[in-house]
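For reference, the structure is listed below as structure tokens.
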Amino acid sequence: MGNLQDAQGDMRDGYGYGSIGVFVSGIVWVFSSLIVNYHSSQKGIWTLIIGGMFIFPMAALIGKLMGIKGGHNKNNPLGKLAMEGTIWMIMCIPLAYGLSLIKVEWFFQGMLMIIAGRYLTFASIYGIRLYWVLGTILGLAAYTLFRMEAGGFPSALTGGLIEIIIGIVIYGLYRYDKQKI
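Going by the UniProt record's numbering, 36 is the number at position 36 of the sequence shown; the sequence numbering is gapless.
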């Protein structure tokens, strides 16, 4: 890859600015919140963990159905950054699970903070500052929910709704930019 802008452009084009992944993640969070509400917090936790494993493959499939290629140039160093961020996030899941052993809703608030940090790196990967906004909103939501002593249902639902809304906004930006070309 030539320069940073070329690498970011490759990532943006390959993944629709990451919008589909954000949206699918939001759906997983909302589904997890419903499991918490209608079954149990423990089942909601496992729904988020297991559902989280399917975010990338589902986003890639949906993206392909929408005409997004779902890949990047193998020489793109930002692809490595994305993988490193994913590994870091996975390594933090046991930390969030440990929080749930103290207070179950802390799992969801902890995971919101973890993914908030992950989205901050997406600003560099995709070259889109809106990811700083997403990371900041999720981080503030996690902190606010913690301070309010919110339960698992509102915590997971809040994260899901934020991601769905911002995912739609990012997709709109992607479509707008594609129409200009």
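Each residue gets a CB set at the ideal place from its N, CA and C atoms; glycine is no exception.
Count the other CB atoms, across all protein chains shown, that sit within 10 Å of the CB of residue i; report buried if there are 16 or more and exposed otherwise.
| i | result |
| --- | --- |
| His6 | Correcting the residue identity first, residue 6 is Asp in this sequence and not His. The residue is exposed, with fewer than 16 neighbouring Cβ atoms inside 10 Å. |
| Glu105 | buried |
| Gly172 | exposed |
| Met111 | buried |
| Ile90 | exposed |
| Thr136 | exposed |
| Asn76 | buried |
| Arg118 | buried |
| Phe54 | exposed |
| Tyr38 | exposed |
| Ser40 | exposed |
| Ile50 | exposed |
| Gly67 | exposed |
Reducing DSSP to helix, strand and coil, say where residue i ends up.
| i | result |
| --- | --- |
| Asn76 | coil |
| Arg129 | coil |
| Val30 | helix |
| Val104 | coil |
| Asn37 | helix |
Return the Cβ separation of residue i and residue j in integer angstroms, given the expectation that the two are a contact with Cβ distance under 8 Å.
| i | j | result |
| --- | --- | --- |
| Ser19 | Tyr174 | 6 Å |
| Gly70 | Gly14 | 7 Å |
| Gly44 | Ser33 | 7 Å |
| Tyr126 | Met11 | 5 Å |
Measuring only from the beta carbon, is residue i closer than 8 Å to any heavy atom that is part of the ligand ADP?
| i | result |
| --- | --- |
| Leu140 | Only the bare structure without any ligand can be found here, which leaves the ligand ADP out of the picture. |
(request) Would you be able to state if there are at least three C-beta pairs under 8 Å between the region 147–158 and the region 15–27? (result) no
(request) May I have a chain-ordered list of the alpha helix (DSSP H) segments no shorter than 4 residues that lie completely inside the region 39–102? (result) 41–52, 55–65, 77–102
(message) So within the region 144–181, which uninterrupted alpha helix (DSSP H) runs reach at least 4 residues, ignoring any that extend past its ends?
(response) 152–180
(message) With a threshold of 8 Å, are at least 3 pairs of Cβ atoms found where one atom belongs to the region 74–84 and the other to the region 117–126?
(response) yes
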